[in-house]
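Respectively, the protein sequence lines represent chains A and B.
Going by my numbering, the first sequence opens with residue 216, and the numbers climb by one from there.
Going by my numbering, the second sequence opens with residue 336, and the numbers climb by one from there.
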Amino acid sequence: MSEKKEYKVIGTRPIRHDGVDKVTGRALYGADFQIAGLLHGRVLRSPHAHARIVSIDTSRAEAYPGVKGIVTAQDLPDPADKVADLGEGAVNLKYLCDNILARDKVLYKGHAVAAVAATSPHIAEEACTLIDVAYEVLPPVLEVRQAMEPDAPLLHENLKTTSLGETADEPSNVASHLQYKKGAPEKGFAEADVVIEREFVTGTVHQGYIEPHNATALYNPDGHLTIWCSTQGAFTVREQVAEILQYPISKIKVVPMEIGGGFGGKISVYIKPVAALLAMKTGKPVKVLMNRTDVFEGTGPTPASYIRVKMGATKAGKVTAAEAYLAFEAGAYPGSPVGPGAMCIFAPYNIENVLIDGYDVVVNKPKTAPYRAPGATNAAFGSETILDELAERLEIDPLEIRLMNGAKEGDRRADGPIYPRIGYIETVEAAKQHPHYAAPNGKKHHGRGVASGFWFNIGLESSVTINVNVDGTINLVEGSTDIGGTRASIAMQAAEVLGIPAESVNPSVVDTNSVGYTAVTGGSRTTYATGYAAYEAAQDVKRQMIARAAKLWEVDEANVQFADGEFSCINGKEEQISFRDLCARLGETGGPVVGSGTVNPGGAGGAFATHVVDVEVDEETGKVEILRYTATQDAGKAIHPSYVEGQIQGGVVQGIGWALNEEYIYDAEGTMTNASFLDYRMPTCLDLPMIDTVIVEVPNPGHPYGVRGVGEVPIIPPPAAIANAIYDAVGIRMTELPMSPERLLKAIGTI
Amino acid sequence: MEKFSYVNATSLEQVTSLLSDSGWGEVMVIAGGTDLLGELKEYIETPKTLINLKTLPGMDSISADGSGLKIGALATVADIAMYPEIQNHYTVLAQAAGSVATPQIRNVGTLGGNLCQRPRCWYYRDETVDCLKKGGELCYAIEGLSKYHAILGGDPVYIVHPSDIAPALIALGASLKIVGPEGEKTMSVEEFFTLPATNPYRENVLEPNEIVVEVQVPHPKSNAKSFYLKAREKGAPDFALASVAGVFEMEGNTCQAASIVLGGVAPAPWRSTEAEAALTGKMITESVSMQAGEDAVKDAQPLNDNAYKVTLTRNLISRAAMMAAK
């Protein structure tokens, strides 16, 4: 908003490079992959939520005609309790391996125990029913507070709580306890005129990507292993498979196919190492596909949680203290996103006194996986509801109280970092100035709610290579899976540097043998970091092209300048040549030009969002209708505004689903009773109004064009904003997600 | 899914004779397949033979005259929802058909299949659960999760009947034609459905060798107003948490006769004679309509998780009555 730079490509809306392939159905996804001699794999999954594996007898299945190979955990290298760093932080390798194929115990219904490769998918499926697994069934624990009880059934006999650096003596389901503290919370609460505390409960929800997981593996006699698959990061697949199979990374090639959604759920591997094992065992290529039930039961959702939030403020509206207790279900193995939840919960506000406790707790559900701003949505449901209640009690407009307490450059977050230039206040101002906020809101059973959210975004490594073509176009080679239009947003940054149209860039997402290391498409990092690498690669091309022009004109490189796609000679000669014309003369000036850029930038720049929603509550049926939705968000600089808007709208819709409908419904034995898209209710266009978006641009000082990641933060505010709107409509504070008709009717008290 | 052989039907005689050779489940009929394929994939049904009814000529027709409608069992749900005469004079039926699933499913799902579809109960649909419906000992909803289960007529199986079209047809006084080895017979749609107390394993009176071939709907009286109200958790696709099919013969604001049939709350479409009695002959006011709702659910026996359905059903009935008075 401050300094407006003039760009030719950035900020425009060209057609995405993969658009034609996608809309014509020609784009190749993992399930489309075909190769001669292909076998089909199927995974046998545990029918129990918690059981000891007594024995696995595969002999009947092996004898079944068409079966070519069967694997169990016995085929995996036995991992010691080794810790491996797989790009997303340290991971206990035994846990990682046990989640691929259970060794001693099954820890959730749907836990993989064996896999079959056969000549057809049907034979593989039938053969799975012929594998005899003897289980000693154990009582499951399915809820975080129950799992924390001292006498709860234990999932891992050796898991001991790590609390603030100390490890306990006795085993527990609580894997870890973290704490962030700032100032003196007790003193802060003493200064408050109003203190509000509530408990919140959120359900287990899934990313709900439309494309199930898939993998085809081919093992050559020379030891080279190739995996074609849907993933958010081919390199992380390579790393995980190498660690799980204890196989050299240099012998693994991962080929990313197109991806039908990930939202964080396609970073962890599940069937990829299994396909690899089956390929090694049979010597044939093996394709493994999940169905929807496999996806719900066998892959990571985002955790259910129990949250307690307490906030105090003065009569004038200054928040003096805030406390949060976050207990997150990690699923079967440690590693819930309680850390990010704890870092984000009060992050939009500059609060002097803060205490946050977070607990990572194992339960008999699938190991959780990242989902769009993991942990932050759960946390914000608590904090943003309490802040709304504070504003109401103090008779202050809910956006006003956010402006009064909003974090700015130089403020310190409870977990330590000091903010560089951020755009939170600007998102609140934009919401306040939007016609939506001024529109009348007085009808019976109609209500309006607001909420904000923060997500830090990440940087990490990216590599880009640019090959210059003789016709003035460039081929841009990258390693980032394109989920939400990043071929375009990355290409546009290179095009801007070289003064060429976006259409003159041919981006390719390639395999792990064909581009430099690139971290996952996750953490809202791709347009930021891979875009940054593309910018650097284009700068490299520019430097080399300047040298070519200098050679052509027989002048010193310092005498060549480049602007608006034209090289010209300053100082002396009257020479000028366009980028395109110079491309035609690369042969005579020294051969092809290839530019490269690699980055690991530290200045990702946090993203903030503020949402306004109008709802209508049908008191007779408990149904909540979303009438109008406006989302404001600081994008730093929107490279391709359509895809920023698309990310915001998509995030909001997933947040609405989380708020109103979505949840894993478990029975007492730990079976998910609604493991289909019919029974696990995600919103469709019938449930949604147009989601209005407002892009605020407060440039990120950590990126040459000011980019901030945009993909994750829009999912954070919706549950709280909708809960606040429901309160405005019918005067009831909803503290449990989802806010389904059943819960609404109960809360309204008509039952 | 188990292997099966597939036969294209050529005549009703051929169909019933193929069916006669076995009891339930060995030989099954398929039309749209939107329900059956799910059951096959989940191993809930494992037939050896499937008979494709879609090759039977003429069974997908809809015709209307002054006395009423005739709808072939192979007419699609979309055909029913979009048929102008049905939209104009049989509103409750058009609305009910239009509320089924998604456009894609309505385009292939048939009337016969909609009436004969199996329960959506999550215990019934779980191949590993041997519940009473499938010949086991126990209805798991009684002690287990019962959010979507029956509040009326459940004992001993607490499934809810999933059809939207059936309540509408019963409210309109429709009858249906069944063909079996002994020829054809006609009965009211209301009599067609049975409660688990009569037969816990099936939802209707069909014998293993019979199929539904046609539905006949008498023309509603000229003073009839009809509605289908369906409460669900999301817009679509979704089954009813509770639904009300109501046909009201109105003289001004006075209800001369009412026909009220509930969906989603009982193992069969549930005619509420109590609500009908509370409205018949009455000037419909807010209190009368609320009384009708109260009366309809006074014998409701909710399980652990579905008490909200009692409230919901009560409110939907009063809402439908108030709509009739408008």
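From the three backbone atoms N, C-alpha and C, an ideal C-beta is built for every residue, glycine too.
Asked, Found
"Top-ranked residue by Cα proximity to P929 (chain A), from A:E884, A:A276, A:S667, A:G818", "A:S667"
"Beta-bridge pairing of Y564 (chain A) - partner residues as DSSP gives them", "A:G621"
"Buried or exposed (CB count within 10 angstroms, at least 16 for buried), E878 (chain A)", "buried"
"Cβ-Cβ distance between T592 (chain A) and I947 (chain A) below 7 Å", "no"
"Residue range of the unbroken beta strand (DSSP E) whose run includes V534 (chain A)", "534–546"
"For P745 (chain B), three-class secondary structure by DSSP", "This structure leaves residue 745 (chain B) out entirely; chain B is present only between 336 and 661."
"Cβ distance (whole Å) where G479 (chain A) is taken to contact A390 (chain A) below 8 Å", "Going by Cβ atoms, the distance from G479 (chain A) to A390 (chain A) rounds to 20 Å, so no, they are not a contact pair."
"Beta strand (DSSP E) segment containing S355 (chain B), residue limits", "Not the beta strand (DSSP E): S355 (chain B) falls in the alpha helix (DSSP H), residues 347–355."
"Chain-ordered neighbours of R654 (chain B) on chain A, where CB pairs are closer than 7 Å", "E835"
"Residue-chain proximity (Y643 (chain B), chain D), Cβ-Cβ < 7 Å", "The structure shown contains no chain D; its protein chains are A and B."
"S402 (chain B), buried or exposed, once every other Cβ within 10 Å from all chains shown has been counted against 16", "exposed"
"Of the listed residues A:R523, A:A545, A:A547, nearest to A537 (chain A) (C-alpha basis)", "A:R523"
"Chain-ordered neighbours of R896 (chain A) on chain B, where CB pairs are closer than 8 Å", "E568, K569, D573"
"Test item: CB-CB of K376 (chain B) and M336 (chain B) under 7 Å", "yes"
"Meets three-Cβ-pair contact criterion under 8 Å: the stretch 841–849 of chain A and the stretch 903–913 of chain A", "yes"
"Rounded straight-line distance, which links the Cα of V735 (chain A) to that of V896 (chain A)", "The residue you asked about is not Val; residue 896 (chain A) is Arg in the sequence shown. Looking at the two C-alpha atoms, the distance is approximately 28 Å."
"Local conformation of W359 (chain B) per DSSP, three classes", "coil"
"Three or more C-beta pairs below 8 Å linking the stretch 527–541 of chain B and the stretch 565–572 of chain B", "no"
"For N307 (chain A) and A383 (chain A), the rounded distance between their alpha carbons", "18 Å"
"Best match in B:A660, B:D465, B:Q551 for proximity to F562 (chain B) [C-alpha to C-alpha]", "B:A660"
"Straight-line Cα distance separating T535 (chain A) from E406 (chain A)", "7 Å"
"Own chain residues within Cβ distance below 6 Å of A332 (chain A), not counting five before or after", "L254, G256, K283, G284, L493, T497, V501"
"Residue nearest to L480 (chain B) in terms of C-alpha spacing, selected from A:P262, A:T886, A:E358", "A:T886"
"The beta strand (DSSP E) enclosing E611 (chain B), as first and last residue numbers", "First-last for E611 (chain B): 608–614, but that is the alpha helix (DSSP H), not the beta strand (DSSP E)."
"Endpoints, the alpha helix (DSSP H) within which D630 (chain B) is located", "621–632"
"Three-pair Cβ contact test at 8 Å for the stretch 557–576 of chain A versus the stretch 313–332 of chain A", "no"
"Proximity of A592 (chain B) and T608 (chain B) at Cβ, strictly below 7 Å", "no"
"Distance between beta carbons of L353 (chain B) and I406 (chain B), contact taken as under 8 Å", "Not really, about 25 Å apart at Cβ, beyond 8 Å."
"Residue closest to D882 (chain A), alpha-carbon to alpha-carbon, out of A:P354, A:D313, A:L541, A:K487", "A:P354"
"Neighbour-count burial assignment, L243 (chain A), 16 or more Cβ in a 10 Å radius", "exposed"
"M216 (chain A), buried or exposed, once every other Cβ within 10 Å from all chains shown has been counted against 16", "With a pLDDT of 40 at M216 (chain A), under the threshold of 50, the modelled position of this residue cannot be trusted; read the value that follows with caution. With fewer than 16 Cβ atoms within 10 Å of its Cβ, M216 (chain A) is classed as exposed."
"Residues sharing a beta bridge with M618 (chain B), DSSP", "B:T589"
"Neighbour flag for D509 (chain A) against chain B, beta carbons, 7 Å", "no"
"Proximal residues, the stretch 452–467 of chain B versus chain A, C-beta separation under 9 Å", "R455, W457, Y458, R460, D461, T463, V464"
"Inter-stretch contact at 8 Å, needing at least 3 Cβ pairs: the stretch 555–562 of chain A / the stretch 358–377 of chain A", "no"
"Residues that L647 (chain B) contacts on chain A, provided the C-beta gap is smaller than 8 Å", "E835, T836, G837, P956, L960"
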